[in-house]
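To keep things clear, I will list the structure first and then write my remarks on it.
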Amino acid sequence: MIFVFVRHGGVAALLLGVAAEALAWLFGAVALQPVMIVLGALLFYLSEYGMHRFAFHAAPLSWPPARRLQHRLHYDHHVEPNRLDLLFLPLWFLVPNLAVAAGLFALVFGIEAAASGLLGMMLAILHYEWVHYVAHIPYRPRTRLGRWVKQYHLRHHFISEKHWFGVSNPTLDGVFGTFRGPGASEKSATTRNLHS
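In our numbering, the protein residues as written are 137 to 332.
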């Protein structure tokens, strides 16, 4: 189970990035700031919800190459939710997004804070990837919270794609009105085919 998770290119790159930052901190090359690490993680959780709801579920773009990217990033994951090759965020998506986010973090909080913010984002993405992976494999989490989070995400795939956008952190569904109880939403006919 863990081997499949780690061998994915994006996950492996994230693990290498976290290890590199940890080593840089251990050898005194980087001063990590706990508040900025937490802020970076919170920024990711906000973007997780926003990207999932507004970008990944957006109407298909008219330019065919862009539409193919939309299919790879999310549409095809809804068609075949248990295909592992469609499950993880691809490296070509992660790297530029992390670079832009770290750059914006540096502009707002200073260059010293950027490494800490980037570490927080990478740790949060690893959390997201793990929760998403566990939700889509035939594994029953051992804790009540783990089972609830798994069922929460699977409702998005098998009941209604219009609710339950928070994969690793459902808090923002409550904030933005997309939270529903397990029986509170009618089954959608378009959970597998987001856009015909």
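The beta-carbon is built from N, C-alpha and C at its ideal position, and this holds for glycine as well.
Here Val244 is exposed, its C-beta having fewer than 16 other C-beta atoms within 10 Å. Note that the C-beta distance between Ala160 and Glu248 is not below 8 Å. Just measuring C-alpha positions, the residue of Leu330, Tyr181, Arg291 and Val231 sitting nearest Gly153 is Val231. The region 211-257 contains, as complete alpha helix (DSSP H) runs of 4+ residues, the segments 212-215 and 227-245 (chain order). Secondary structure at Phe192: coil, using DSSP grouped into helix, strand and coil. Take the alpha-carbon of Gly253 and the one of Tyr269: they are about 24 Å apart.
Counting the other Cβ atoms within 10 Å of the Cβ of His188 gives 16 or more, which makes it buried. With a 10 Å radius around the Cβ and a threshold of 16 neighbouring Cβ atoms, Tyr275 comes out exposed. The C-beta separation of Phe224 from Gly146 comes to about 5 Å, placing the pair in contact by the 8 Å criterion.
If you ignore the 5 residues before and after Gly239, its C-beta comes within less than 8 Å of the C-beta of Ala250, all in its own chain and listed in chain order.
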